[in-house]
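Enquirer: Shown below is the structure under consideration.
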Amino acid sequence: MAVGIYIRVSTEEQAKEGYSISAQREKLKAYCQVQDWNDFRFYVDEGISAKDTNRPQLQLMLQHIKEGMIDTVLVYRLDRLTRSVVDLYKLLEIFEKHNCTFKSATEVYDTSTAIGRLFITLVAAMAQWERENLGERVRMGQIEKARQGKYSAKAPFGFDKGPDDRLVINEDEKTVVLDMIEKIKEGYSIRKLADYMDNSGIPPIRGYKWHIASILDILKNPALYGAVRWRDEIIEGAHEGIITKEEYQHLLKVLESRQNFKKRETYSIFVFQMKLICPQCGNRLASERTRYYRKRDNKIVESNQYRCQACTLNKRKSIGVSEKKIERALLKYFDSIKFDYIPEIVDNSKQEIEQLTAQLKKIERQREKYQKAWANDLVSDEEFSHRMRETKKMHEEIKTKLDAIQPAQQQEFDIEKLKDIVNNFRMNWSYLSPQEKKNFANTFIESIQFEKNDGKVRILDVNFY
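Here it is in structure tokens:
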């Protein structure tokens, strides 16, 4: 077992008996000998406090832990490692992630035992408590700042932030806001207002088009009448407003009456989520649920749509396609393919598992030899680090292959049944629920390439896992 012995002493502590570097070194070396640990290395930070983890030798030890060079960290006392509960919890997380235990020579802290694991749980609880207290203090500070009329976030449209963090009216944007309010009074819907803003050449807040959400954020912000909002609390009279409070309240009522649809409570299942490749830029299309009024039968229709947000952000015309069109095109694509031959599946997994297991054991023996050579100063630290990184990478690659083979070994394949399922894809697809269709896509389909011309969609290729 490779042991990393960490020693730290601050400038003030160097003169104290028992805290000197040499005293800690001798006591910890004796502790290792009693435990029959002969493979150990010292990491010494001299004249450095424990206020944070930014210490050269501590960082080197953490790097060696991540490289698999250390199995146990040993300290004389817990405060040699850190005095911060949060830092301690972070360090213990790193140790646990890389299968490294932690021991104190003079205290009960030992993460390889039940009581040691209880200690980690207690430390986690203390760290959580400290974070929550910090969050509460920040929240109270933000509320107090809001009560003083100061604005913590980025200034909303129509305002700038002054040197004292109070909002001041931006005259150019104020004109735009008043124009928006006037159009609402004239009977404009939010969608029509967004189109009006685009056609007027007024630069949007973000992207290259005005969006309904952006406009509603502007018009519903109480900053319009001089108030500051912090979560559910409204502090009035914080700054000069663009409109009065009465005008603002009337505006909210008008906006509420213009809402065409109630808030949806249904959850949409997107069958091809993150599967469709944009024909223009190669990015994956995002999914969205849309509702629109269909004139021919006077109905409000809901539809799953896919659209390229990357094109939108890059100010290109965005490709959009409905889920129904993709489904129809996918079925047509599978109809055009006849799977006459499905290769026979030969189970060579048992032999491969034995070979991979033997390779793992060989690598583990090599790592043990490197550790012994390093402990006896037969190889340099640089050479040792290189060899350990190299063998660790090989070990992980073989372990990944082994994990992938073992579950598959238990599966039995009926070739004729598999051929029947594939060749009758259209009929099988029609029996699936939306969730089952999504499960199928997530299991078998990595990506779908398509083209769209004059509203018609054609599948070009389907990439399977």
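Basically the working numbering = 1-based index in the sequence shown + 742. Note that beta-carbon positions come from the ideal geometry of N, C-alpha and C, so glycine has one too.
(1) In its own chain, which residues sit with a C-beta less than 6 Å from the C-beta of Y990, not counting the 5 before and 5 after it?
(2) In whole angstroms, what is the alpha-carbon distance linking L802 and T795?
(3) Give every residue of the same chain whose Cβ lies closer than 7 Å to the Cβ of R1109, excluding the five residues on either side of it in the sequence, and list them in chain order.
(4) Taking its Cβ as the centre, do 16 or more other Cβ atoms sit within 10 Å of Y831, making it buried, or is it exposed?
(5) My guess is that A792 and T824 are in contact by the Cβ rule of under 8 Å, so how many angstroms apart are they, rounded?
(6) Counting only runs of 4+ residues fully inside the region 952-1034, write out the alpha helix (DSSP H) ranges in chain order.
(7) As a quick exercise: from A1071, N1170 and F1206, pick the residue whose alpha carbon is nearest that of G1197.
(8) Is the CB-CB distance between I944 and S956 below 8 Å?
(9) Given that a residue counts as buried once 16 or more other Cβ atoms are within 10 Å of its Cβ, and exposed if not, what is C1023?
(10) Does P1149 come out as helix, strand or coil in the three-state DSSP assignment?
(11) When the Cα atoms are used, what is the spatial distance from L958 to K896?
(12) What are the residues that DSSP puts in a beta bridge with G1049?
(13) Just grab the DSSP bridge partners of N1195 for me.
(14) Quick check for students: name the residue ranges of the beta strand (DSSP E) that lie wholly in the region 886-912, counting only runs of 3 or more.
(15) For my contact list, R841 and P898 are in at a C-beta cut-off of 8 Å; report their separation, rounded to the angstrom.
(16) Taking the C-alpha atoms as reference points, what is the distance between C1020 and L800?
(17) Would you give the residue range spanned by the beta strand (DSSP E) that A744 belongs to?
(18) What's the C-alpha gap between E768 and D781?
(19) In terms of residue numbering, what span does the beta strand (DSSP E) encompassing S785 cover?
Expert: The short version:
(1) Only L966 and Y967 meet the Cβ criterion.
(2) 11 Å
(3) M1130 and T1133
(4) By the 10 Å Cβ count, Y831 comes out buried.
(5) At roughly 5 Å, the Cβ-Cβ gap stays under 8 Å, so A792 and T824 are in contact.
(6) 954-961 and 987-999
(7) A1071
(8) no
(9) exposed
(10) Note on P1149: pLDDT 49, under 50, position unreliable in the model; no value is reported.
(11) Distance between the alpha carbons of L958 and K896: 17 Å.
(12) Sequence inspection shows Arg at residue 1049; the Gly mentioned does not correspond to that position. Looking at the DSSP assignment, R1049 forms a beta bridge with A1028 and G1062.
(13) According to the DSSP secondary-structure assignment, N1195 is paired through a beta bridge with K1198.
(14) 901-903 and 909-911
(15) The sequence shown places Asn at residue 841, not Arg. The Cβ separation is near 50 Å, so there is no contact.
(16) 48 Å
(17) A744 to V751
(18) 16 Å
(19) According to the sequence displayed, residue 785 carries Tyr and not Ser. Its beta strand (DSSP E) spans residues D781 to E788.
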